[in-house]
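Here is the structure we will look at, set down as structure tokens.
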Amino acid sequence: MPPGTDLTYSWSQAFADLGQIAPIATLTGFLLFALILDLVLPRSRRSGAVAIAAAVGFAYALGVAVFRWLYGTNGYAYHKFATGDDFALFFEMLFASLGILTVALSHSYLKKRGLLESEFHILIMAAVIGMMVLASATSLVTVFLGLELLSIALYIVCGFARTDFRSQEAAAKYLLVGGFASAFVLYGMALVYGASGTTVLPEIAQRLTSSAGSNPLLLMGILLMGVGFAFKVSAAPFHMWTPDVYQGAPLPVTAFMSVGTKAAAFAMIVRVFEGGLPHLAPEWQTLLAFVAATSMIVGNLMAIVQTSLKRLLAYSGIAQAGYILVGVIAGGQTGLEAVLYYLFVYMFMNFGAFAVLTLLAGPDGDRDSFADLEGLARRNWLLGLGMTVFMLSLAGFPPSVGFFGKLFLFTAGVGAGYTWLVVLAVLMSVVSVFYYVRVLIPIWAPSPRVDGVPASFSSRFAIALSGI
Numbered sequence: 006m007p008p009g010t011d012l013t014y015s016w017s018q019a020f021a022d023l024g025q026i027a028p029i030a031t032l033t034g035f036l037l038f039a040l041i042l043d044l045v046l047p048r049s050r051r052s053g054a055v056a057i058a059a060a061v062g063f064a065y066a067l068g069v070a071v072f073r074w075l076y077g078t079n080g081y082a083y084h085k086f087a088t089g090d091d092f093a094l095f096f097e098m099l100f101a102s103l104g105i106l107t108v109a110l111s112h113s114y115l116k117k118r119g120l121l122e123s124e125f126h127i128l129i130m131a132a133v134i135g136m137m138v139l140a141s142a143t144s145l146v147t148v149f150l151g152l153e154l155l156s157i158a159l160y161i162v163c164g165f166a167r168t169d170f171r172s173q174e175a176a177a178k179y180l181l182v183g184g185f186a187s188a189f190v191l192y193g194m195a196l197v198y199g200a201s202g203t204t205v206l207p208e209i210a211q212r213l214t215s216s217a218g219s220n221p222l223l224l225m226g227i228l229l230m231g232v233g234f235a236f237k238v239s240a241a242p243f244h245m246w247t248p249d250v251y252q253g254a255p256l257p258v259t260a261f262m263s264v265g266t267k268a269a270a271f272a273m274i275v276r277v278f279e280g281g282l283p284h285l286a287p288e289w290q291t292l293l294a295f296v297a298a299t300s301m302i303v304g305n306l307m308a309i310v311q312t313s314l315k316r317l318l319a320y321s322g323i324a325q326a327g328y329i330l331v332g333v334i335a336g337g338q339t340g341l342e343a344v345l346y347y348l349f350v351y352m353f354m355n356f357g358a359f360a361v362l363t364l365l366a367g368p369d370g371d372r373d374s375f376a377d378l379e380g381l382a383r384r385n386w387l388l389g390l391g392m393t394v395f396m397l398s399l400a401g402f403p404p405s406v407g408f409f410g411k412l413f414l415f416t417a418g419v420g421a422g423y424t425w426l427v428v429l430a431v432l433m434s435v436v437s438v439f440y441y442v443r444v445l446i447p448i449w450a451p452s453p454r455v456d457g458v459p460a461s462f463s464s465r466f467a468i469a470l471s472g473i
């Protein structure tokens, strides 16, 4: 074959592969552009320019993902290391939307607290790229690459408030626990590779049959990966880091982590277990059922006694992880659709709640006590109404989107034969009503406080979009 033909084929294949990961490539290009702006612009213009570049980058990546969803063709890229299927595109649209909301919310907060805005947005862009890589990964190597890119960026932004001891403590704890979790995941992947002879998930599924469940090497690999994934998704009994990190990290970071990290981790779980280990479903379903039950019990019971709103929402997130795991365990088309729907609505519910707390923060730090919510409905009706909608949705009150999300998850669980787990989930949902409604009492109760709560246009946009 003539040399020119080889070269032409290589370039055409390269462009075809690039098209499968077009949203990731687009956002990576904007990240490089933001780095150049941060390098060459004077300090007075740097923050605004990088913020605009980040917002435009997220919007452009969202547009590319939507275009590929409507008109693109699904396929593998880079020798089955990644894919641009509908599952990946869904999460890429979700993460790009989260990036837009984070940029809109963080602008006034960072200025108020005197934090470096340009570096913050660059790190958030890097974290979102890591999330997108996780969602599109079809190889254990790519999964770990996306996981570490996401984790390293989050380690830094957790400690972004450099003069706040709690922020530095949160970063240190997250770094230590995240390192242990990554080690569990990597060792588990190594064992699965040793048992299957490949790191490509579709090929692992082809090579392993149901009889592979008796392979101790493979079972240990599933156990280690499951433990590492549970750490990343903030599921009990591997949740210990979550309340402390959520409380210490700056509020926009907590808002971003509470939904983005969880969604990316669930995308990773579905890719690895459903896509790579379907023949060993009984083994990993048993492990995840235990984690789901423990998460729902620990998360809801611990949330009842919290006095910090950030810690309350952290334990709420642990319980929510248990609910979502019900859909993952159920599997099939019904379970997957329920998980995707709930992750979509959960992003807006939880991000909106943290967005309200972000606007209550002052120059001296975050304010997340129940007393800080007193008279909020009178002080700023948009924040009061928004927080009410978010809490009722998280509790699952009908006809909120949270109610329908839980209904879909629980229906999938019953259909898959996990009735006992669904009964436990319903009971724990009833328990959760107590602490969600408890948040609303100071908002609507009579209060002598009349001081207003200023909110920038971008912050109001983020809260209104989440509420709608």
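Its first residue numbered 6, the sequence shown is counted upward by one per residue in our numbering. Using N, Cα and C, we set each Cβ at its ideal position, and we do this for glycine too.
Residue i - partner residues in DSSP beta bridges
i	result
Tyr81	Thr88
Ala142	Ala87
Ser374	Ser313
Simplified DSSP state of residue i, which is helix, strand or coil
i	result
Met6	Any answer about Met6 is weak, because its pLDDT of 39 lies below 50 and its placement is not dependable; what the coordinates show is given next. Here Met6 sits in coil by DSSP.
Val197	helix
Val310	coil
Ser123	helix
Asp11	Only weak support is given to the placement of Asp11: the predicted model assigns it a pLDDT of 46, under 50, and the value that follows is read from those uncertain coordinates. Asp11 falls in the helix class under three-state DSSP.
Gly380	coil
Ile26	coil
Thr294	The question names Thr, yet the displayed sequence has Ala at residue 294. DSSP places Ala294 in helix when its eight states are reduced to three.
Tyr423	coil
Ser263	helix
Val238	coil
Gly135	helix
Pro451	coil
Asn385	coil
Leu282	coil
Leu213	coil
Asn305	helix
Phe243	coil
Ala19	helix
Start-to-end residues for the alpha helix (DSSP H) that takes in residue i
i	result
Tyr65	Arg48 to Tyr76
Phe165	Phe165 -> no alpha helix (DSSP H), and no H or E assigned at all.
Thr204	From DSSP, Thr204 is part of no alpha helix (DSSP H); its letter is neither H nor E.
Leu414	Val406 to Gly420
Pro248	Trp246 to Gly253
Gly401	It is not in any alpha helix (DSSP H) - Gly401 carries neither H nor E in the DSSP assignment.
Val361	Gly337 to Leu365
Candidates the options: closest to residue i by CA position
i	options	result
Ala101	Ile29, Ala241 and Phe395	Ile29
Gly328	Gly380, Leu32, Phe243 and Ala417	As written in the sequence, residue 328 is Tyr, which differs from the Gly given in the question. Nearest of Gly380, Leu32, Phe243 and Ala417 to Tyr328, Cα basis: Ala417.
Ile334	Asn79, Ala294 and Thr147	Ala294
Val431	Tyr441, Ser263 and Phe415	Phe415
Val197	Gly184, Leu213 and Ala186	Leu213
Thr168	Ser187, Leu120 and Phe125	Leu120
Ala269	Val444, Ala376, Met137 and Gly391	Met137
Phe395	Pro207, Val442, Ala140 and Tyr65	Val442
Leu426	Ile41, Gly226 and Gly332	Gly332
Ala93	Ile227, Gly77 and Leu388	Gly77
Gly91	Ala450, Ala70, Leu23 and His84	Here residue 91 is Asp; the residue named in the question, Gly, does not match the sequence. Among Ala450, Ala70, Leu23 and His84, the Cα nearest to that of Asp91 is on Ala70.
Phe63	Thr33, Arg51 and Phe86	Thr33
Gln325	Lys237, Ser434 and Asp377	Ser434
heavy atom of the ligand ATP below 6 Å from residue i C-beta
i	result
Lys85	Within the structure as shown, the ligand ATP is missing, as the structure has no ligands at all.
For this session: Spell out a yes or no on whether the stretch 173 to 192 and the stretch 296 to 306 are touching, meaning 3 or more CB-CB pairs, one atom from each, closer than 8 Å.
Result: Between the stretch 173 to 192 and the stretch 296 to 306, the count of Cβ pairs shorter than 8 Å is below three; the stretches do not touch.
Problem set entry | At least three beta-carbon pairs within less than 8 Å, the stretch 244 to 263 to the stretch 312 to 319 | Short answer: they touch.
Exercise. Do the stretch 85 to 103 and the stretch 133 to 140 make contact, defined as three or more Cβ pairs closer than 8 Å?
Worked result: The stretch 85 to 103 vs the stretch 133 to 140: in contact.
Exercise. Within the chosen definition, does the stretch 280 to 291 reach the stretch 111 to 128 through at least 3 CB pairs nearer than 8 Å?
Worked result: Segments in contact, no.
Problem set entry | At least 3 beta-carbon pairs within less than 8 Å: the stretch 153 to 166 vs the stretch 178 to 187 | The answer is yes - the stretch 178 to 187 touches the stretch 153 to 166, with three or more Cβ pairs under 8 Å.
Exercise. Looking at C-beta atoms only, is the number of pairs between the stretch 419 to 438 and the stretch 336 to 352 that lie closer than 8 Å three or more?
Worked result: In short, these stretches touch, since the Cβ pair count reaches three.
Exercise. Between the stretch 141 to 158 and the stretch 196 to 216, are three or more C-beta pairs nearer than 8 Å?
Worked result: The stretch 141 to 158 is in contact with the stretch 196 to 216.
Exercise. Do the stretch 349 to 364 and the stretch 395 to 411 meet, that is, are 3 or more Cβ pairs less than 8 Å apart?
Worked result: Cβ pair count under 8 Å is three or more, so yes.
Problem set entry | Three CB pairs or more closer than 8 Å across the stretch 381 to 397 and the stretch 353 to 361 | Counting C-beta pairs closer than 8 Å gives three or more between the stretch 381 to 397 and the stretch 353 to 361, which meets the contact rule.
For this session: Would you check if there are 3 or more beta carbon pairs closer than 8 Å linking the stretch 226 to 235 to the stretch 301 to 317?
Result: In short, these stretches do not touch, since the Cβ pair count stays below three.
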